[in-house]
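Per this note's numbering: the sequence shown = residues 6 to 291.
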Amino acid sequence: FDRSRIIITETRDDVTNYDKPSEAIRKKKNSSLVVGMRKIKENAAHAFISAGNTGAILAASMLIAGRMKGIVRPALAPIVPSLNGPVMIIDAGMNTRIKPISYLQFAVMGTEYMRVRYGMENPRVGLLNIGSEENKGNEIHRQAYEILINSQVNFIGNIEGKDVPEGNADIVVCDGFVGNAMLKVMEGTGKYFFNHLGNIYSRSIWGRISYLLVKHELKKIKKQVDPEEIGGTPILGVNGIVFKCHGNSRAKAIKNTILNACSVKYQSIMEQVKNSFVHMKTNVQT
């Protein structure tokens, strides 16, 4: 690649995982996090990507880049694989407690993102719950259900955890506590599956021979579920393109996140997400 296209900005402060998010932003103004987020606010950069302190990144997104007009709560929106194509889980860790209106705002942002990024004409939105019946869940879920079913998004009703890997919805709306737990379970299940297969195939000569017959297909499956291949998670609802990578991300994950951020920029996705709130009545008081 052309190294002349890379500009390095030196910073002195270091935001660690032990720093409190708000204090880190206030006291460590010469950190790469604060300097980078200011570049987003000042339109000096098109995207910000980090594998650092999650809480600090989220706080900086809110306090420096700022929320999109009308958004109550921005959200982490990872894309996960399913039997029926890519699925967005929103929120996946930014807000552990939300009001019913936020479920609709998540659905609106997710709908526009999936429509433009993945060419889905009318993405299906499901409310993650403990059952598919409309009266399931707590009062917040029941209120969210009523708001979603009377909205302009393609709401298909309540869905359960098993519906996510099956791809029975294109966008899964939930609070950040549930979404993060769901995401971690899926990651752990994938690791278990491939480790277990490895143990089975390595037990005997016949197992190793069998592995050679399916090796190519297994590698294709592993590539589809590998977080390194998928890349980082976009934060929707803030002004600008912000991606959060896993703390142990390697070079491949960072590269794929950069490519994802470029696609979001070239497709003007964040502008279209922002414009979607002009056409959809999401600021319902509840």
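By construction, the Cβ of each residue, glycine as well, lies at the ideal position given by its N, Cα and C atoms.
Have a look at residue i and residue j and give me their C-alpha separation to the nearest angstrom.
i      : j      : result
ILE214 : GLY90  : 31 Å
GLY115 : MET42  : 23 Å
GLY172 : PHE248 : 24 Å
ASN163 : THR194 : 23 Å
LEU133 : TYR108 : 10 Å
GLU192 : THR238 : 14 Å
TYR261 : ASP231 : According to the sequence provided, residue 261 is Asn. The question's Tyr does not apply to it. Those two C-alpha atoms are separated by around 12 Å.
GLN157 : GLY242 : 19 Å
MET187 : ILE210 : 37 Å
ILE161 : VAL283 : 23 Å
GLN277 : ILE12  : 29 Å
Within 10 angstroms of its Cβ, does residue i collect 16 or more other Cβ (buried), or is it exposed?
i      : result
ASP19  : exposed
VAL269 : buried
HIS201 : exposed
GLN272 : exposed
ASP24  : buried
HIS221 : exposed
ARG3   : The question about residue 3 has no answer here: the residues shown for the chain are numbered 6 through 291.
Ignore the nearest five residues each way along the sequence and tell me which others in residue i's own chain have a CB closer than 7 Å to its CB.
i      : result
ASP168 : GLY131 and ALA174
PHE199 : LYS227
Can you list, in chain order, the residues of its chain whose CB lies under 8 Å from that of residue i, leaving out five sequence neighbours each side?
i      : result
GLY181 : ALA80, LEU81, ASP96, ALA97, GLY98, MET99, ASN100, THR101 and ILE103
MET119 : PRO91, MET93, MET125, PRO128, ASP175 and ILE176
SER281 : VAL113, MET114, THR116 and GLU117
GLU138 : ASN163
ARG31  : none
For residue i, collect the residues of the same chain with a Cβ closer than 6 Å to its Cβ; drop the 5 residues on either side in sequence, then sort them by chain order.
i     : result
GLU26 : Just to set this straight, residue 26 is Pro in the shown sequence, not Glu. Only GLY60, ALA61 and ALA64 meet the Cβ criterion.
ILE84 : PRO91 and MET93
GLY71 : ASN244
Does any C-beta atom of chain E lie closer than 7 Å to the C-beta of residue i?
i     : result
VAL20 : Structure shown: chain E not included; a single protein chain is present.
Have a look at the DSSP bridge pairing and note the partners of residue i.
i      : result
PRO239 : PHE248
LEU133 : ILE164
ASN280 : BP columns for ASN280 are empty, so no partner.
ILE30  : BP columns for ILE30 are empty, so no partner.
SER36  : ASP18
ILE176 : MET93 and VAL130
With hydrogens ignored, establish whether the beta-carbon of residue i is closer than 6 Å to any heavy atom of the ligand PLP.
i    : result
SER9 : Looking for the ligand PLP in the displayed structure turns up nothing, as the structure carries no ligands at all.
Runs of beta strand (DSSP E) lying entirely within the stretch 38 to 98, each at least 3 residues, in chain order: DSSP runs (the beta strand (DSSP E)) wholly in the stretch 38 to 98: 52 to 55 and 92 to 95.
Inside the stretch 197 to 241 only - alpha helix (DSSP H) runs reaching at least 4 residues: The stretch 197 to 241 contains, as complete alpha helix (DSSP H) runs of 4+ residues, the segments 210 to 230 and 232 to 235 (chain order).
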